[in-house]
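Remarks on the structure that follows.
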Amino acid sequence: MTIVDDFSLLKKYGFRLLPYFFVKTEDDAVAAAKKIGYPVVLKIVSPEIEHKTDVGGVKIDIKNETVLRHTYRDMMQNVKGKKIDGVLVQKMARKGLELIIGGKKDPQFGHMVIIGLGGIYVEIFRDISARICPLTALDVEEMVAELKVHPLLEGARGKKPINKKALEDLVLRACGFMEKEGIVEMDLNPVVFDDEGCDIVDARFSR
Amino acid sequence: MKMIQKLKFIFEPKSVAIIGASKTPNKIGNVLLRNFLDTKFPGKVYAVNPKYEEVLGVKCYPSIKKINGPVDCVIIATPAQTVPAILTECAAKKVGGVIILSGGFEEVKRDDLAAQIREIAKKYEMPVVGPNCLGVFNPYTKVDSIFLPMYKLERPKPGGIAFVTQSGAVGSTVVDLTAYYGMGISKFISYGNATVLDESDYLEYLMNDKTTETIILYIEGAKDGRKLLQTMKKVNKIKPIVVLKAGKAAGGQAAARSHTGNIAGSYLAYQAAFKQAKVTEAEGIIEVFDFVKIFEQPRPKGNHIAVITNGGGIGVLATDHIENEGLVLAEFSEKTKNALQEILPEYGNVANPLDLVADAGVEAYAKAIDIMMDEPNIDALIIIVLTQTPPIDERIIHVLTKASDDRRKPIATISIGGTYTEVYRRILESKGVPSYNSPLSAVKAIDKLVKYANYQKQLK
């Protein structure tokens with residue numbers, strides 16, 4: 000399973016991913032970006048790379064074709080020697096609060112979901128809350144209230160509160176998806192939220 | 000009758016047979032029988048052991064089959080390999096239920112023996128507690144399979160707290176402490192390997208048990224997590240469950256490939272389940288007691304707390320904790336303020352916390368409590384008594400007991416000090432007055448009670 004297969008399956012379950020194309024050449028990347036519209040993001044797709052950011056395999060906010068071509072070549076240099084499937088060209092996510100929505104199958108309780116502060120520091124801050132599937136909208140509300148970053152979700156420092164309905168939908172959808180597909184572990188991370196909705200920037204799961 | 004309902008034969012037996020009764024002092028089969036004789040168990044007690052004609056003056060039967068008349072509860076204390084055959088005899092004798100104290104089953108990889116027990120129990124729908132456990136204790140009926148001598152491990156008086164424990168060691172210390180604090184229990188169940196009936200089954204039984212008001216659950220690992228979640232949800236709606244989970248340290252899976260897999264260890268799942276079921280989780284054994292004693296109080300209508308004290312500083316500490324826990328200091332009505340002003344010295348100020356000052360005698364406490372019980376803006380009372388001040392004497396115990404028995408509002412009392420104060424605290428506890436030796440533990444307990452009451456209110 001590649002990230003492209005993963006993304007297609009998620010789409011089938013109604014997860015609204017940012018528009019993306021999977022390409023194998025620089026020219027195809029340019030063509031894809033044209034279709035999506037700038038700014039775009041480039042992400043390396045490789046079975047040998049666990050954390051893409053750490054090896055220079057993610058470049059964001061690419062504003063035009065010239066930058067795209069340079070970035071593409073740089074990225075190929077960064078990951079030289081690794082087995083590369085191709086590159087994902089994706090629409091740049093909205094600006095907002097990065098959260099993780101994850102899940103796993105616990106040997107005792109079965110599927111559970113977590114939400115928390117997302118991004119690359121998930122395992123450092125460990126600001127998460129968890130519930131056992133299936134859960135209700137009220138459970139999601141309580142999960143949100145338990146987070147230390149809870150005030151950020153409510154719109155701290157002059158920002159508008161995030162769209163809670165979108166978060167609730169995503170958490171409930173993640174539960175259903177994991178149970179139907181027999182998922183062992185999954186991360187939707189980061190998912191960027193603002194007052195209008197959210198963008199799922201990256202996703203991974205395993206059976 | 001379903002197996003769970005048949006547990007009645009174990010908790011309220013009219014007749015008990017001890018298999019493996021022994022003449023050798025300190026052997027389990029000896030301590031067990033001695034305990035039944037010492038407590039003057041009102042039903043019939045049979046000893047079973049082919050080696051003896053009598054044990055401790057009780058006629059000894061070679062096997063359960065030879066006993067004339069029915070046997071409600073059988074306690075087995077013989078080696079593991081003998082248990083399946085004995086169980087089959089029990090089934091043939093149509094006994095009500097069986098407690099297997101013996102170890103030597105799943106815990107030493109003898110799953111084959113455990114499977115035989117399960118099979119026999121299921122076939123005859125015969126409830127089996129254990130194996131590898133201390134079994135049960137019910138102070139109301141005096142059935143007692145805790146094979147620890149009474150002079151070493153005190154037995155608590157009858158009361159409303161049920162205690163379900165996976166560990167015999169934790170179980171026996173809690174029983175001892177409960178007796179020491181003078182608290183009363185309804186049932187004690189040490190269920191060991193949970194081969195036939197598991198933690199959820201006992202919770203289910205206790206839900207309908209008339210004498211049980213609050214349930215303590217000590218758990219290391221659930222037999223069936225999903226079932227536990229569903230059962231806790233159901234039972235906790237009616238009776239509060241205070242849970243203590245051990246074995247939290249195990250982190251995420253070593254082979255996890257995702258952030259979630261790395262962060263979400265097995266304890267996170269338990270925590271999630273506890274939160275979903277709205278049960279009250281305690282951090283340690285002492286906190287279990289802090290919480291269960293407050294649950295014996297009436298349910299508060301809200302989160303507005305009043306504090307009475309004869310020492311300003313302790314009142315300030317309590318205030319800090321009240322605010323930290325998200326509770327609110329109650330505002331008094333004019334009527335209450337005026338009434339309180341009457342009992343304060345001239346230089347005293349009516350405020351919350353209400354500082355009666357060190358000159359305050361027992362009468363001032365009695366009046367202040369009366370006034371506050373009438374104040375609708377107050378949902379719960381924290382009463383701090385520094386017993387070290389000259390005017391406080393033993394009459395304060397009567398005042399606090401009366402406040403605790405008033406039942407219009409829950410109360411928690413705080414007294415901090417050395418030997419003299421601790422004697423007061425023990426007397427209060429034995430009278431069912433929740434007493435704490437720190438403002439933090441008292442406020443935390445009140446907070447749990449407020450949360451639970453709020454949850455129950457939402458259900459309606």
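Chains L and F, in that order, are what the protein sequence lines are. The first sequence runs 0 to 206 under numbering that gives the first Met the number 0. The second sequence runs 0 to 459 under numbering that gives the first Met the number 0. Cβ coordinates follow ideal geometry from the N, Cα and C atoms, glycine included.
So with Cβ pairs under 7 Å, would you call residue i a contact of chain L?
i, result
"residue 235 of chain F", "no"
"residue 259 of chain F", "yes"
"residue 224 of chain F", "yes"
"residue 276 of chain F", "no"
"residue 402 of chain F", "no"
"residue 325 of chain F", "no"
"residue 423 of chain F", "no"
"residue 444 of chain F", "no"
Considering only their Cβ atoms, is the gap separating residue j from residue i smaller than 7 Å?
i, j, result
"residue 308 of chain F", "residue 354 of chain F", "yes"
"residue 239 of chain F", "residue 451 of chain F", "yes"
"residue 428 of chain F", "residue 434 of chain F", "yes"
"residue 185 of chain F", "residue 164 of chain F", "no"
"residue 163 of chain L", "residue 194 of chain L", "no"
"residue 263 of chain F", "residue 104 of chain L", "no"
"residue 11 of chain F", "residue 213 of chain F", "no"
"residue 129 of chain F", "residue 8 of chain F", "no"
"residue 257 of chain F", "residue 184 of chain L", "yes"
"residue 324 of chain F", "residue 446 of chain F", "yes"
"residue 208 of chain F", "residue 34 of chain F", "no"
"residue 183 of chain F", "residue 133 of chain F", "no"
"residue 75 of chain F", "residue 85 of chain F", "yes"
"residue 142 of chain L", "residue 114 of chain L", "yes"
"residue 410 of chain F", "residue 380 of chain F", "yes"
"residue 131 of chain L", "residue 111 of chain L", "yes"
"residue 32 of chain F", "residue 17 of chain F", "yes"
"residue 22 of chain L", "residue 86 of chain L", "yes"
Which residue's Cα is closest to the Cα of residue i: the options?
i, options, result
"residue 342 of chain F", "F:329, F:327 and F:358", "F:358"
"residue 125 of chain F", "F:133, F:246, F:116 and F:131", "F:116"
"residue 91 of chain L", "L:186, L:1 and L:17", "L:17"
"residue 327 of chain F", "F:302, F:313 and F:320", "F:302"
"residue 117 of chain L", "L:110, L:72, L:88 and L:187", "L:187"
"residue 30 of chain F", "F:151, F:51, F:43 and F:69", "F:151"
"residue 317 of chain F", "F:288, F:196, F:441 and F:81", "F:441"
"residue 27 of chain F", "F:78, F:72 and F:267", "F:78"
"residue 291 of chain F", "F:374, F:108 and F:279", "F:279"
"residue 216 of chain F", "F:92, F:157 and F:202", "F:202"
"residue 224 of chain F", "F:371, F:275 and F:398", "F:275"
So, does the CB of residue i fall closer than 7 Å to a CB anywhere in chain F?
i, result
"residue 125 of chain L", "yes"
"residue 184 of chain L", "yes"
"residue 178 of chain L", "no"
"residue 54 of chain L", "no"
"residue 74 of chain L", "no"
"residue 83 of chain L", "no"
"residue 113 of chain L", "yes"
"residue 121 of chain L", "yes"
Going along chain F in order, which residues have a C-beta closer than 7 Å to the C-beta of residue i?
i, result
"residue 103 of chain L", "259, 260 and 263"
"residue 203 of chain L", "257"
Using a C-beta to C-beta distance shorter than 7 Å, which residues of chain L count as neighbours of residue i?
i, result
"residue 267 of chain F", "129"
"residue 458 of chain F", "By Cβ distance, chain L contributes nothing, its closest Cβ being about 12 Å from residue 458 of chain F, past 7 Å."
"residue 272 of chain F", "108 and 131"
"residue 221 of chain F", "107"
Residues of chain F with CB under 8 Å from residue i, in chain order?
i, result
"residue 48 of chain L", "By Cβ distance, chain F contributes nothing, its closest Cβ being about 13 Å from residue 48 of chain L, past 8 Å."
"residue 99 of chain L", "258 and 259"
"residue 138 of chain L", "275"
"residue 188 of chain L", "258"
Mind pulling the chain L residues with CB within less than 8 Å of residue i?
i, result
"residue 452 of chain F", "Result: empty, since nearest Cβ-Cβ is about 17 Å, beyond 8 Å."
List the residues of chain L whose Cβ lies closer than 9 Å to the Cβ of residue i, in chain order.
i, result
"residue 228 of chain F", "108 and 131"
Hey, is residue i close to the ligand SAM, as in C-beta under 6 Å from one of its heavy atoms?
i, result
"residue 20 of chain F", "This structure simply doesn't include the ligand SAM, nor any ligand for that matter."
Q. Residue ranges of each alpha helix (DSSP H) run of no fewer than 4 residues wholly in the segment 57 to 145 of chain F, ordered along the chain?
A. 82 to 91 and 110 to 123
(Q) Which runs of the alpha helix (DSSP H) at least 4 residues long sit entirely within the segment 263 to 342 of chain F? Give them in chain order. (A) 265 to 276, 284 to 294, 311 to 323 and 333 to 342
Q: Could you tell me which uninterrupted alpha helix (DSSP H) segments, each at least 4 residues in length, are contained entirely in the segment 393 to 449 of chain F, listed from first to last along the chain?
A: 394 to 405 and 418 to 429
Q) Can you list, in chain order, the stretches of the beta strand (DSSP E) that have 3 or more residues and sit fully within the segment 24 to 72 of chain L? A) 39 to 44 and 57 to 61
Q: Enumerate, from N- to C-terminal direction, the unbroken alpha helix (DSSP H) stretches of 4 or more residues contained entirely within the segment 155 to 225 of chain F.
A: 167 to 179 and 198 to 206
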